[in-house]
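Q: Numbering (full-length UniProt numbering), first residue to last: 1 to 214. Backbone N, C-alpha and C define an ideal beta-carbon position, used for all residues, glycine too. These numbers were taken from a predicted model, which means no experiment stands behind them.
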Amino acid sequence: MLTIYSVPVAVYCAKLRILMAYKAIPFTQLPPPGGYGSAEYRAIVPSGNLPAMVHDGFMLADSEAIAEYLNEAFGAVPMLPESVQDRAKARELSRFHDTRLEPAVRAMYPQVAHATRDGGAVVAGGGLISKHLASLDLLLSTSPLDPTRLWICDCGFAVTFAWIKAFEAALDLPMVWPARVQAYFDRLQTFDAVAQELVAYRPAMTQYLEKAAP
């Protein structure tokens, strides 16, 4: 039995759901018992992180660790390339998302509320995110990964791109989208696992953005 602890609006939880849908892995999804950060949840997941996984009694936290574990434990649809160098390039993209792009996007969450928004922080944030998208454009220009497949490194980008688009509309976030990055987002949405997750995810995103209105 595979159980995933998650909350609706978390990017890294959505990332895992895309992976599990693409690999057709059955799972049960539960909120953290007692709430995020509670003693009750830490009794199961000592780090208190989300998402976390319990698979036949084996507990694991951190979305990337879980993704690689599930890729090996359910190997019928591999989501890492075969060659050691191509796997390294896939992991490079995953790390870029997790350590560069997503943290810059997450930094915009405090600016959502219209009443307390700092216009200067929004402009600066748009500049930083645009800088990271320019770097991603260069990474994509030399990527050896087969574009007809969905890889582990793609799953997080799909959700983070959706947040950037939402912030553009809700916060007037100034953005520069390189054509190759926009095409990458468009391509990701052609995979059923991505498209279905984004449809299911948008209500939580919309609810979170309600406070953006004047």
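Take every Cβ of the stretch 135-147, pair it with every Cβ of the stretch 81-89, and state whether three or more of those distances are shorter than 8 Å.
A: Segments in contact, yes.
Q: Run through the stretch 134-158 for me and flag every whole beta strand (DSSP E) of 3 or more residues, listed as ranges in chain order.
A: For the stretch 134-158, not a single whole beta strand (DSSP E) run of length 3 or above is found.
Q: Could you tell me which residues DSSP pairs with Thr3 in its beta bridges?
A: The partner list for Thr3 (beta bridge, DSSP) reads Thr28, Val54.
Q: If you follow the alpha helix (DSSP H) that Ala193 is in, where does it begin and where does it stop?
A: Note, Ala193: alpha helix (DSSP H), 192-208.
Q: Compute the Euclidean distance between the alpha carbons of Ala134 and Gln182, then round it to the nearest angstrom.
A: Distance between the alpha carbons of Ala134 and Gln182: 11 Å.
Q: My output table needs one value for Leu128: the three-state DSSP class, helix, strand or coil.
A: Note: Leu128 maps to helix in three-state DSSP.
Q: Does the separation of the CB atoms of Asp154 and Leu188 fall below 8 Å?
A: In contact: Asp154 and Leu188 (Cβ atoms closer than 8 Å).
Q: I'd like the list of long-range same chain contacts for Ser63, defined as Cβ closer than 7 Å, with 5 residues on each side in sequence excluded.
A: The residues are Tyr12, Lys15, Leu16, Pro51.
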